[in-house]
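Asks: Protein chains in written order, with this note's numbering: chain A, 466 to 917; chain H, 466 to 917. By construction, the Cβ of each residue, glycine as well, lies at the ideal position given by its N, Cα and C atoms. Small disclaimer: the values here were computed from a predicted structure and weren't measured. Encoded as C-alpha cells, here's the structure I'll be asking about.
There are 2 protein chains.
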Amino acid sequence: MPFTKSVWSKVETLPRERIEEIQLIRLQRMVKFAYDHSPFYRRLYEEAGVTPMDIHELKDISKLPTVDKTMVDAVQRENPIFGDLLTTSRDLVKFWTTTGTTGPSRLWAYTREDWENVSYLYARGLYGAGVRPGDRFMICANYPPALGPWGCGYGIEYLGALPIPSGGWDTKKRVQNLLDWGVTGFRATPSYTLHMADVAEEMGLNLKERSQVRVIASVGEPLAAVPATKRLIEEKWQANVSDMVGMTEVGGPVMFVCQEATREEMPAAHLNEDYFLIEVLNPETGEVLGPGQEGELCITSLLLYGMPGIRYRTKDVVRVPEVDFCPCGRTTMRIRGAIKGRTSDMLVVKGINVYTSTLENLVRALPNLNREFQVVLRTRGRFDEIVLRVEPMPHIAQEAYPNLARTLVDKVKSAVGITVAVETVPPGTISGLGEQGVILKSKRVIDEREKQ
Amino acid sequence: MPFTKSVWSKVETLPRERIEEIQLIRLQRMVKFAYDHSPFYRRLYEEAGVTPMDIHELKDISKLPTVDKTMVDAVQRENPIFGDLLTTSRDLVKFWTTTGTTGPSRLWAYTREDWENVSYLYARGLYGAGVRPGDRFMICANYPPALGPWGCGYGIEYLGALPIPSGGWDTKKRVQNLLDWGVTGFRATPSYTLHMADVAEEMGLNLKERSQVRVIASVGEPLAAVPATKRLIEEKWQANVSDMVGMTEVGGPVMFVCQEATREEMPAAHLNEDYFLIEVLNPETGEVLGPGQEGELCITSLLLYGMPGIRYRTKDVVRVPEVDFCPCGRTTMRIRGAIKGRTSDMLVVKGINVYTSTLENLVRALPNLNREFQVVLRTRGRFDEIVLRVEPMPHIAQEAYPNLARTLVDKVKSAVGITVAVETVPPGTISGLGEQGVILKSKRVIDEREKQ
C-alpha cells in the first residue's frame, strides 16, 4: 500500500535530519562492509591511509578515494570475471554488463538483497511518476544484460502493475500492440519515444484518439534538461514524461522526476537519498562542488553488497542537488534538470562549456525546424567554432531559411553566450542518419578541429 | 537444498498411488475453481452438462470438454484483452503472448502464485538436466513476452545459479561472451545451438578446448525424438542436452529430460505430474489413447489460477506416457522422445503418418550429408510422393551422390515403411535458406500436391 496518493514510502518524506541520520549509519556500515569483504576496497583504502573508523560524519566521505570505470576494468582483467570488487560468490542472482566505447564489457553481479532493493526503488520511482497498480506498462527494450529494462519490469510488478516486455519486436509491432492492449505507460529513450510517435503516424494511427498512455518513463538520454524535447513528447503522446535515472554500476535507480514536477519548466529529480549519497565533483580536479554549480555526479550506494559502489564517478553531468519544496510531499533533495549529459558531451568552445543537450533544446523549441540536428566543431583561424546544422520543416520555403538561421543564432547567443554558425540542410539529410529514431553520438557531434 | 544429488524435490519420487492422490485432490479443486471463477469454463461445463461434482476419480476428467486455441481466440476477441477465461483482475504479475500463424496473438496473464509455480518447476527441470547452484547460464533469446525464456531465467535463479540474458545480441557476441565468461550452460533451440557451433568455428574458436558448457536446455523444436541431431549437438558442444518443454497456455514446464536419460538412445522426458495431468488424444476424434500409441498432447494444469488450462489441446504429438524405471530415482511417468512434432507436421502419405522430425533424424544420421534438408510433397499419378532434398557434404564427389541417395531411401523405407525419392542438391542450396541457423517451416516442407 502506498504511503500517500503521490508517495510510495514514508521514508521519502522524513525530516532532513532523520534522512541524514539514516545516511550516516548506512554509510559507516557500508564502508566497513566493503573494507572487510571486498579486497579491492581494502587495498584502495589501505593505500590511501583511511579506515572505516575515519567516517564520523557525512562529509568525511571525501576522505575516501573515488572509484572509476578504468579501475574496475583493471581488476576484472586481472581477476575474471568480476574482479576482486566482489564481496561474495554466494547468492548472486543478477548479472549485468556495461560497455564503454572501447574494450571489453564491465560485469556486475547483484545479490538477492541488492536486487530486492533495486525492485523496490524502481517501484517507488515509477509510482512517483504516476504508474498505478493495475496499469499495463510496456518496456521498450531488447533485454541485454542491462539493469535498466529488467529493474523497471521488476519495479512495475512490485507496485502491482503488469509489465509487458517487448524484446525483439520492431517499432510497428510495439506501437500496434500498445494501442490494441490499452497500455497505460511505457519505458523508452526520448529518441525512441518520438520515433514511436512518427511510426504511429506513418501507420495512420492517431495517438491522441487511441493511446491510453498516461506515463512515460524516460531513460538513457537527458530529458528534464531539454524542455523542448519534453514538450514535443508531451504534445505527441498527451502523457506525463519523467526522467528515470538508473545506473548499473551503483545499484540502480538513483533519481526520478515525480508526476508533480513534470509541470515544471525544467523539472528537478528526487534523489533516493536513503539508498544513495550524492556528491558533485569538478571533473578535472575531483574537488567537491557547492550549491548552484554543475559537475560530475559521484555516487555512493548505501546498500549495495555484491559489488559495493562507494564514491563511484559516473561521468554524468548534473547540478548540485538542492533542498526545495515539491508539492508531491517528498522531502528528498532534488537535482534540477536531472542528468544534463556526459562529461564527454561537454564541448569547450572559446573557453565556454556547451552541452549538446542545451543545443538540442534550442533547436527543438523552434517549430519551423525538424527536431534533428548536428554539431560540427571546426577551427576558424585561432579559434574553435560551432556549426549547428539543422533541417527546416518540409513546408518552409527556401527564402525563409536565412531568417530561421538568424533566430537560432540569437537563441544560442542568449542561452550560452557564444555565437554559432547555423547551416540549414534539406529535410531528411540528418534525420536519415538515424536508426529507429536514434542518431549515434558519432554522427551527432562531428569534430573537424585541427589537432595541435 | 535439493532432495538428492539428482532430484530437486521429494515429490518427484513419491509412490505412484500418492502422486495420483495428489492429482485427484488438485484436479477436483481446480475444476471447481475454474467453474466458480472463470465465466468461460462455467459456460463450457454448463453447456456440456457437467459440474465439478462429477469428478470422482482421475479418469472422470474425460467427462469435461476439451479447450483449444480457437476457443481462446473467440473469447479474447469478444472480451479484450484476456477474454472471460480470466478468473481475477488482481495480482496479475506476468503477461505472455502466443502467436498462431494467422490472426492476432493470444494473451495470457499469470498471477503471482502461478508464476512462483513456474519458477519452481523450471528450477526442478533445470536441476534435473544438470544445472547446479553457482552455474552461469545464458538464455539465448530476445525476450518477447513469451513464457519460455523468462521462466527459464527465474528457474535458474531459483535453484541458485546465475542467469545471463542475451537479448538483442548477435550470435558472435553470444558465442564470444559464453566462452569469455565461463558460461556452464545455456538455453536455445537445437537449430540455434548448432548454428552457434558453426559461428564459433567461423570465428576460429575451438569449443572443445574453450567451452565450459556442461548443460544445454533444448527448447522449441523436437530433440529427444531426433537422436541424430542430439548426437550432433553433443559432439560439437561436448555437453549434455535435455529437452525442456514449457507451454505458455497451460502454466509452463510440463516435462524435461533428466541428465541420466540423456544417455538413452531416444530419451524419455519426466512429466511434472504433481502440476499437470496428461492425456494423449486421437487428434481427429478426440478419443483418449492408450499405452504404445501416439497422438495429440492434451494438458490439464492442476495449479494455474489466472487463466486455468483444463484439457487444453496443444497440437503437439507425443507417445502415451509410461511408468518406467529411470536411474535418476524419479517415479514420475515419462514420455519417450518428448515432443515429436506438431500435429500439423504430420504428413499423411499413402495412408502412413510421417513426421518431419523422423526424416530429420535419418538425414542427420548420415555423416556424408550436411544437416539440412527439405521435404517436398508431390502428386505422382494417383498417389502422393515424398521427395527428400538433401545436401551432400562439400568433400563428397558427385559420383558418390547416387549411392548416398540409395542409402537414405533404404533408411527411410526401413524406418517408416514408405519409399521416398531422394534429390541431392549442391551444398548451400538449402542451408542458405536459413537465418541464424533456423529454416522456417514454410521453407522446410513444400507441398506441391494437386489439390482435389
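What are the boundary residues of the beta strand (DSSP E) that includes Asn835 of chain A?
Replies: Residue 835 of chain A sits at position 370 when you count from the first residue of the first sequence. Here the beta strand (DSSP E) through Asn835 of chain A covers Leu834 to Arg845.
Asks: Smallest Cα separation from Glu730 of chain A: which of A:Val678, A:Pro756 and A:Pro692?
Replies: On the first sequence, residue 730 of chain A is found 265 positions in, with the first residue counted as 1. With distances taken between Cα atoms, Glu730 of chain A lies closest to A:Pro692.
Asks: If you drop the 5 nearest sequence neighbours on each side, which residues of the same chain put their C-beta closer than 8 Å to that of Cys723 of chain H?
Replies: For the purposes of this step, residue 723 of chain H is taken as residue 258 along the second sequence, with counting starting at 1. Result list for Cys723 of chain H: Ser471, Gly593, Ala594, Ser707, His735, Cys791, Cys793 and Arg795, in chain order.
Asks: With Thr872 of chain H and Leu812 of chain H assumed to form a contact (beta carbons below 8 Å), what rounded beta-carbon distance in angstroms separates them?
Replies: As a working note, residue 872 of chain H is residue 407 in the second sequence. As a working note, residue 812 of chain H is residue 347 in the second sequence. Actually they do not touch by this definition, with Cβ atoms about 21 Å apart.
Asks: Using a C-beta cutoff of 7 Å, does Asn607 of chain H count as contacting chain A?
Replies: Start at 1 with the first residue of the second sequence, and residue 607 of chain H comes out as number 142. Asn607 of chain H counts as touching chain A.
Asks: As a quick exercise: from A:Thr535, A:Met536 and A:Arg494, pick the residue whose alpha carbon is nearest that of Thr516 of chain A.
Replies: Position 51 of the first sequence holds residue 516 of chain A. Distance check between Thr516 of chain A and each of A:Thr535, A:Met536 and A:Arg494 places A:Arg494 closest, using alpha-carbon atoms only.
Asks: In three-state DSSP terms, what is Ile629 of chain A?
Replies: Residue mapping note: residue 629 of chain A aligns to position 164 of the first sequence, counting from 1. The answer is strand: DSSP assigns Ile629 of chain A an E or B state.
Asks: Between Trp580 of chain A and chain H, is there a C-beta pair that is closer than 7 Å?
Replies: Locating residue 580 of chain A in the first sequence gives position 115, counting from the first residue. Under the Cβ criterion of 7 Å, Trp580 of chain A is not counted among the residues facing chain H.
Asks: Name the chain A residues that come within less than 9 Å of Ser631 of chain H, Cβ to Cβ?
Replies: Within the second sequence, the letter at position 166 stands for residue 631 of chain H. The contacting residues are Tyr608, Pro609 and Pro610.
Asks: Which class does Phe498 of chain A belong to by DSSP, given the choice of helix, strand or coil?
Replies: Taking the first residue of the first sequence as position 1, residue 498 of chain A is located at position 33. Note: Phe498 of chain A maps to helix in three-state DSSP.
Asks: Using only alpha-carbon positions, find the residue among A:Ser676, A:Val684, A:Ile904 and A:Pro609 that is nearest to Gln703 of chain A.
Replies: Taking the first residue of the first sequence as position 1, residue 703 of chain A is located at position 238. Minimum Cα distance to Gln703 of chain A is reached at A:Ser676.
Asks: Assuming contact is defined by CB atoms lying nearer than 7 Å, are Leu612 of chain H and Gly717 of chain H in contact in what I supplied?
Replies: Taking the first residue of the second sequence as position 1, residue 612 of chain H is located at position 147. Taking the first residue of the second sequence as position 1, residue 717 of chain H is located at position 252. Yes, the Cβ-Cβ distance between Leu612 of chain H and Gly717 of chain H is below 7 Å.
Asks: Leu591 of chain A to Glu700 of chain A, Cα distance in whole Å?
Replies: For the purposes of this step, residue 591 of chain A is taken as the residue at position 126 of the first sequence. For the purposes of this step, residue 700 of chain A is taken as the residue at position 235 of the first sequence. Their Cα atoms are separated by approximately 21 Å.
Asks: Is Met466 of chain A helix, strand or coil by DSSP?
Replies: Position 1 of the first sequence, counted from the first residue, corresponds to residue 466 of chain A. Met466 of chain A carries a coil assignment under DSSP once its states are collapsed to helix, strand and coil.
Asks: Report yes or no: is there a C-beta of chain H within less than 7 Å of the C-beta of Ile546 of chain A?
Replies: For this step, residue 546 of chain A is matched to residue 81 along the first sequence. Answer yes: the Cβ-Cβ gap between Ile546 of chain A and chain H drops below 7 Å somewhere.
Asks: Cα separation between Asp739 of chain H and Leu489 of chain H?
Replies: One-based indexing of the second sequence puts residue 739 of chain H at position 274. One-based indexing of the second sequence puts residue 489 of chain H at position 24. Distance between the alpha carbons of Asp739 of chain H and Leu489 of chain H is about 10 Å.
Asks: First and last residue of the alpha helix (DSSP H) that includes Gly593 of chain A?
Replies: Position 128 of the first sequence, counted from the start, is the residue given in the question as residue 593 of chain A. Element bounds for Gly593 of chain A: Arg577 to Ala594.
Asks: Cα separation between Ala499 of chain H and Tyr510 of chain H?
Replies: Position 34 of the second sequence holds residue 499 of chain H. Position 45 of the second sequence holds residue 510 of chain H. Going from the Cα of Ala499 of chain H to the Cα of Tyr510 of chain H covers about 10 Å.
Asks: Pick helix, strand or coil for Gly816 of chain H, following the three-state DSSP scheme.
Replies: Along the second sequence, read from residue 1 onward, the residue named residue 816 of chain H stands at position 351. Here Gly816 of chain H sits in coil by DSSP.
Asks: On a Cα-Cα basis, can you pick out the residue from A:His660, A:Gly711, A:Arg481 and A:Val710 that is closest to Ile904 of chain A?
Replies: Residue 904 of chain A sits at position 439 when you count from the first residue of the first sequence. Ranked by how close their Cα comes to the Cα of Ile904 of chain A, the residues A:His660, A:Gly711, A:Arg481 and A:Val710 have A:His660 in first place.
Asks: Within the stretch 598 to 685 of chain H, note down every full beta strand (DSSP E) run reaching 3 residues or more, in order along the chain.
Replies: 601 to 604, 627 to 630, 650 to 653 and 680 to 683
Asks: For chain A, check one thing: does any of its Cβ atoms lie closer than 7 Å to the Cβ of Trp646 of chain H?
Replies: Walking along the second sequence from the start, residue 646 of chain H turns up at place 181. Closer than 7 Å to some Cβ of chain A, the Cβ of Trp646 of chain H qualifies, so yes.
Asks: Give the single residue among H:Leu643, H:Lys780 and H:Glu578 whose Cα lies nearest to the Cα of Gly806 of chain H.
Replies: In the second sequence, counting from the first residue as 1, residue 806 of chain H sits at position 341. Selected option, being the one with the closest Cα: H:Lys780.
Asks: Can you check whether the CB of Val828 of chain H is closer than 7 Å to the CB of Val785 of chain H?
Replies: Within the second sequence, numbered from 1, the residue matching residue 785 of chain H stands at position 320. Within the second sequence, numbered from 1, the residue matching residue 828 of chain H stands at position 363. Not closer than 7 Å, so no.
Asks: Suppose contacts are defined by Cβ-Cβ distances below 7 Å. Is Val715 of chain H in contact with Tyr777 of chain H by that definition?
Replies: Residue 715 of chain H sits at position 250 when you count from the first residue of the second sequence. Residue 777 of chain H sits at position 312 when you count from the first residue of the second sequence. Yes, the Cβ-Cβ distance between Val715 of chain H and Tyr777 of chain H is below 7 Å.
Asks: Kindly say whether Leu550 of chain H, judged by its beta-carbon, lies nearer than 7 Å to any beta-carbon of chain A.
Replies: Stepping through the second sequence from its first residue, residue 550 of chain H is reached at position 85. Answer no: the Cβ-Cβ gap between Leu550 of chain H and chain A never drops below 7 Å.
Asks: Would Leu624 of chain H pass as an interface residue toward chain A - the criterion being a Cβ-Cβ separation below 7 Å?
Replies: Along the second sequence, read from residue 1 onward, the residue named residue 624 of chain H stands at position 159. Judged by the 7 Å Cβ criterion, Leu624 of chain H is not in contact with chain A.
Asks: When the Cα atoms are used, what is the spatial distance from Ala886 of chain A to Gln901 of chain H?
Replies: By one-based count along the first sequence, residue 886 of chain A stands at place 421. By one-based count along the second sequence, residue 901 of chain H stands at place 436. Going by the C-alpha atoms only, they are around 48 Å apart.
Asks: From the beta carbon of Val558 of chain H, is the nearest beta carbon of chain A less than 7 Å away?
Replies: Reading the second sequence from its first residue, position 93 is the one you call residue 558 of chain H. It does: the Cβ of Val558 of chain H has a partner Cβ on chain A nearer than 7 Å.
Asks: Does Thr765 of chain H come out as helix, strand or coil in the three-state DSSP assignment?
Replies: Translated into the one-based positions of the second sequence, residue 765 of chain H becomes position 300. Reduced to three states, the DSSP call for Thr765 of chain H is strand.
Asks: Can you have a look at Arg652 of chain A and say buried or exposed, based on whether 16 or more other CB atoms are within 10 angstroms of its CB?
Replies: Residue 652 of chain A sits at position 187 when you count from the first residue of the first sequence. Flag for Arg652 of chain A reads buried.
Asks: Judging by CA-CA distance, which residue of H:Asp549, H:Tyr623 and H:His521 is the nearest neighbour of Val540 of chain H?
Replies: For this step, residue 540 of chain H is matched to residue 75 along the second sequence. Nearest option by C-alpha distance: H:Asp549.
Asks: How would you list, in chain order, the residues of chain A whose beta-carbon sits under 7 Å from the beta-carbon of Trp634 of chain H?
Replies: Within the second sequence, numbered from 1, the residue matching residue 634 of chain H stands at position 169. Ordered by position in chain A, the residues that pass the 7 Å Cβ test against Trp634 of chain H are Pro609.
Asks: Just the C-alpha distance for Thr430 of chain H and Met772 of chain H, rounded to the nearest angstrom, thanks.
Replies: Nothing about residue 430 of chain H can be read from this structure; chain H reaches only from 466 to 917.
Asks: Does chain H have any CB closer than 7 Å to the CB of Ser627 of chain A?
Replies: For the purposes of this step, residue 627 of chain A is identified with residue 162 of the first sequence, where counting begins at 1. Per the sequence shown, residue 627 of chain A should be read as Leu rather than Ser. With 7 Å as the cut-off, Leu627 of chain A counts as an interface residue toward chain H.
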